[in-house]
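Residue numbers (this note's numbering), protein chains in the order written: chain A, 10 to 343; chain B, 10 to 343.
Step one of this worksheet: look at the structure below.
2 protein chains.
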Amino acid sequence: MAAWLGEQGSVTAAALAIDLGGTQLRAAMVSSAGSILSFAVEPTRALDGPEAIIAQIFSLLEEIVRQNPGQVPVGIGIAAPGPLDPKAGMVIAPPTLRGWHNVPLAKIIGQRFSAPVWLENDANAAALGEWRFGAGRGVDSMVFVTVSTGIGGGVIADGRILHGRRGLAAEIGHMTITHEGERCFCGAIGCFEAVASGTALGRRASARTKPFDGSAMRALSANADVSGRNVVDAARQGDALAKQLLDDEARWLGIGFTNLLHLYSPDMIVMGGGISHGFDLLQAGIASAMRERAMPAYRDVPVVTAQLGHHAGLVGAASLVFQNHIHSEEASHG
Amino acid sequence: MAAWLGEQGSVTAAALAIDLGGTQLRAAMVSSAGSILSFAVEPTRALDGPEAIIAQIFSLLEEIVRQNPGQVPVGIGIAAPGPLDPKAGMVIAPPTLRGWHNVPLAKIIGQRFSAPVWLENDANAAALGEWRFGAGRGVDSMVFVTVSTGIGGGVIADGRILHGRRGLAAEIGHMTITHEGERCFCGAIGCFEAVASGTALGRRASARTKPFDGSAMRALSANADVSGRNVVDAARQGDALAKQLLDDEARWLGIGFTNLLHLYSPDMIVMGGGISHGFDLLQAGIASAMRERAMPAYRDVPVVTAQLGHHAGLVGAASLVFQNHIHSEEASHG
């Protein structure tokens, strides 16, 4: 690796990145400046077991390498669904991938490509991507929260990913914040996700409207159940009920975000996910709830939107490579 | 420092430690094995401003040094109330110490004793003490929770203290866990501290009894307001109402502890503070609430009691010295 960098110093260093999702499998060549040099995506064969998906990964990575003939990547980074063990490079048992149990994915891919491989869960990888190349550049501590179907997150604490036991830290969606609301799929009452996710917002909107009632939200949902995104879109059109629902949503987000301030003391909260497309409509309500509840020392911490969108996981996976590559360079020269 | 260790290798390395509380000022010489070699305490002159307390610290430290003539400490560690800036060694504005605003305490003490000084907030220092020398020995990640008048805590994450912005991480008492209960002193509703502290337990007990009603709890409180410790003591005597109040208390603790699992993923939760004296009576209820609410991957994380009692802060302050001393030794030899 070091030799290659030395020999071909004029070529930008790059990493191969994989973002293994339950729906889509994405691969890219990412430059050390965080730019996506080449990209490929296909539907994940999530029901076909690990062998089928590993074959998909091999073929996508080979395709990306073919597209970049001059580029020798310094390593491979993988973002995959948790639970996984980042140290062991092992995917443990993701609920979205059938048949995956303790798959040593990093080792399998490393052997095929004779390259160093790093594995991280998707939320942590996205947090890392936003921290290195997105909204969180330059801060020491950052919480990334993705609000869409569920609520997930990743924490950068004092300059590194917060892992905890088995890499399971930052299960932000399942902190209890209230006694109200419907039971969460996890079985508990009052989870942040159960009251503040896009799903919860859509459910509240569906309960306040009916199919064919002529409401803006049902028009946007084609009279099916209303989604969180439908509420955002209706509010943007000026719909009063949608605005009120977003005020409630902002309040729940503000309560959860205040907990994140008190517990992690980040320099910044970065909000991503589908509902962050309505951030301009939510921002005042979030800020108001946080001002009301956060202790004074935390009140000036900004909440901002994510910058990398769907590419956060890929860019973050590549960041794992650059980060660890730099560390090993330092160690070998130290 | 290194020279001294080399010359007098047979003498146990030791550190001076200060635990600056709003009520008591404690000082000790602590061995590198975590033993208190000598100890002194006096009431903190909390209302007299920083100069008076700094004079107290000087005189206590000098006393401790006199008591240990053969012992040359490798540094001085200070546990002090937050908010404080551990990097700058600065006490910012603790509510329990009048007139303290941005006092560079580490520098002041370092100059007087010509020694390296490290400063940490009291909850983080206690967490560090329990981790290095108490209940948390050997784990990578640990949450220390102290449940007494309020609820505080410190987090060891992946082998080091979790600081966050301005050292303000782990303000555990002020995470929102419910919409029930009385307003917290911080102004919010539903803080962990407001429903699960010893104060909250005592308040519930006082509301369920009356002075001179002949109840076990009022007998123990001499017919004054019932304290959390009174409830524990009455339950230990078999009082049915006290037991029921402890069941409620255990449930609130279990809800808060579950959040700590999901957010920090520690290998262990260590409970200290006055209410931990009733841990044997609370343990089953805490475990039951956690089993009910924690996601499966977190359910086998143990909750144990702290081992260092009142000395956790002092031992933790000394641990700051040993930890940083070892790091600088490694750096100078590396």
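Yeah, the Cβ is synthetic: ideal placement off N, Cα and C, and Gly gets one too.
Where residue i falls: helix, strand or coil (DSSP)
{"i": "Phe-221 (chain A)", "result": "coil"}
{"i": "Gly-294 (chain A)", "result": "helix"}
{"i": "Ser-68 (chain B)", "result": "helix"}
{"i": "Glu-51 (chain B)", "result": "strand"}
{"i": "Ile-63 (chain B)", "result": "helix"}
{"i": "Asn-348 (chain A)", "result": "For residue 348 (chain A) there is no data in the structure shown, the boundaries of chain A being 10 and 343."}
{"i": "Phe-153 (chain A)", "result": "strand"}
{"i": "Asp-257 (chain A)", "result": "helix"}
{"i": "Met-184 (chain A)", "result": "coil"}
{"i": "Leu-114 (chain B)", "result": "helix"}
{"i": "Ala-89 (chain A)", "result": "strand"}
{"i": "Arg-35 (chain A)", "result": "strand"}
{"i": "Asp-167 (chain B)", "result": "coil"}
{"i": "Ala-24 (chain A)", "result": "strand"}
{"i": "Ser-40 (chain A)", "result": "strand"}
{"i": "Ile-264 (chain A)", "result": "helix"}
{"i": "Gly-237 (chain B)", "result": "helix"}
{"i": "Ile-45 (chain A)", "result": "strand"}
{"i": "Val-100 (chain B)", "result": "strand"}
{"i": "Leu-56 (chain A)", "result": "coil"}
{"i": "Gly-119 (chain B)", "result": "helix"}
Integer Cβ distance of residue i from residue j, believed to fall under 8 Å
{"i": "Leu-93 (chain A)", "j": "Ala-178 (chain B)", "result": "With 8 Å as the limit, Leu-93 (chain A) and Ala-178 (chain B) do not qualify as a contact, their Cβ atoms being about 25 Å apart."}
{"i": "Leu-250 (chain B)", "j": "Ser-230 (chain B)", "result": "Not confirmed; about 13 Å, so no contact."}
{"i": "Arg-260 (chain B)", "j": "Leu-290 (chain B)", "result": "Actually they do not touch by this definition, with Cβ atoms about 13 Å apart."}
{"i": "Ala-326 (chain A)", "j": "Ile-27 (chain A)", "result": "6 Å"}
{"i": "Ile-160 (chain B)", "j": "Gly-182 (chain B)", "result": "4 Å"}
{"i": "Ser-274 (chain B)", "j": "Tyr-307 (chain B)", "result": "7 Å"}
{"i": "Arg-54 (chain A)", "j": "Ile-62 (chain A)", "result": "6 Å"}
Beta-carbon contacts of residue i that lie in its chain and below 7 Å, excluding the five residues immediately before and after
{"i": "Ala-321 (chain B)", "result": "Ala-135, Gly-138, Glu-139, Gly-143, Gly-281, Ala-315"}
{"i": "Gln-332 (chain A)", "result": "none"}
{"i": "Gln-76 (chain B)", "result": "Ser-47"}
{"i": "Ile-73 (chain A)", "result": "Leu-25, Ala-36, Ala-37, Met-38, Ser-47, Ala-49"}
{"i": "Ile-101 (chain B)", "result": "Pro-92, Leu-93, Asp-94, Asn-111"}
{"i": "Thr-187 (chain B)", "result": "Gly-199, Val-204"}
{"i": "Pro-59 (chain A)", "result": "Gly-108, Trp-109, Val-112"}
{"i": "Pro-311 (chain B)", "result": "Met-277"}
{"i": "Ser-41 (chain B)", "result": "Thr-21, Ala-22, Ala-23, Phe-331"}
Beta-carbon gap between residue i and residue j smaller than 9 Å
{"i": "Leu-46 (chain B)", "j": "Gly-86 (chain B)", "result": "no"}
{"i": "Leu-106 (chain A)", "j": "Gly-31 (chain A)", "result": "yes"}
{"i": "Asp-276 (chain A)", "j": "Asp-131 (chain A)", "result": "no"}
{"i": "Leu-171 (chain A)", "j": "Ala-88 (chain A)", "result": "no"}
{"i": "Gly-283 (chain B)", "j": "Arg-238 (chain B)", "result": "yes"}
{"i": "Thr-218 (chain A)", "j": "Cys-200 (chain A)", "result": "no"}
{"i": "Phe-266 (chain A)", "j": "Val-154 (chain A)", "result": "yes"}
{"i": "Ala-97 (chain A)", "j": "Pro-78 (chain A)", "result": "no"}
{"i": "Asp-324 (chain A)", "j": "Arg-141 (chain A)", "result": "Residue 324 (chain A) is actually Val in this sequence, not Asp. Closer than 9 Å, so yes."}
{"i": "Val-156 (chain B)", "j": "Ile-278 (chain B)", "result": "no"}
{"i": "Glu-202 (chain B)", "j": "Cys-193 (chain B)", "result": "yes"}
{"i": "Gly-196 (chain A)", "j": "Glu-301 (chain B)", "result": "yes"}
{"i": "His-334 (chain B)", "j": "Val-83 (chain B)", "result": "yes"}
{"i": "Met-299 (chain A)", "j": "Leu-254 (chain A)", "result": "no"}
{"i": "Gln-80 (chain A)", "j": "Ala-23 (chain A)", "result": "yes"}
{"i": "Gly-173 (chain A)", "j": "Ala-166 (chain B)", "result": "yes"}
{"i": "Asn-232 (chain A)", "j": "Asn-268 (chain B)", "result": "no"}
{"i": "Glu-258 (chain A)", "j": "Ala-293 (chain A)", "result": "no"}
Nonlocal neighbours in the same chain, by C-beta distance under 6 Å from residue i, ignoring five residues either side
{"i": "Val-126 (chain B)", "result": "Ile-85, Ala-115, Ile-118, Gly-119"}
{"i": "Val-50 (chain B)", "result": "Gln-33, Arg-35"}
{"i": "Ser-19 (chain A)", "result": "Low confidence applies to Ser-19 (chain A): its pLDDT is 45, below 50, so where it sits in the model is not reliable enough to give any reading."}
{"i": "Leu-262 (chain A)", "result": "Ala-205, Ile-295"}
{"i": "Leu-69 (chain A)", "result": "Ala-36, Ala-49"}
Own chain, CB closer than 8 Å to residue i, minus 5 neighbours either side, in chain order
{"i": "Met-226 (chain B)", "result": "Ala-214, Thr-218, Val-235, Asn-239, Val-240, Ala-243, Asp-248, Leu-250, Ala-251"}
{"i": "Leu-288 (chain A)", "result": "The amino acid occupying residue 288 (chain A) in the given sequence is Phe; Leu does not appear at that position. Met-280, Thr-314."}
{"i": "Ala-207 (chain A)", "result": "Correcting the residue type first, residue 207 (chain A) is Gly in the shown sequence and not Ala. Within the same chain, Gly-207 (chain A) has close Cβ partners Val-156, Ser-157, Thr-158, Ser-236, Gly-237, Arg-238, Gly-282, Gly-283, Ile-284."}
3-residue-minimum beta strand (DSSP E) runs that sit fully inside the stretch 267–339 of chain A, ordered along the chain
277–281, 312–314
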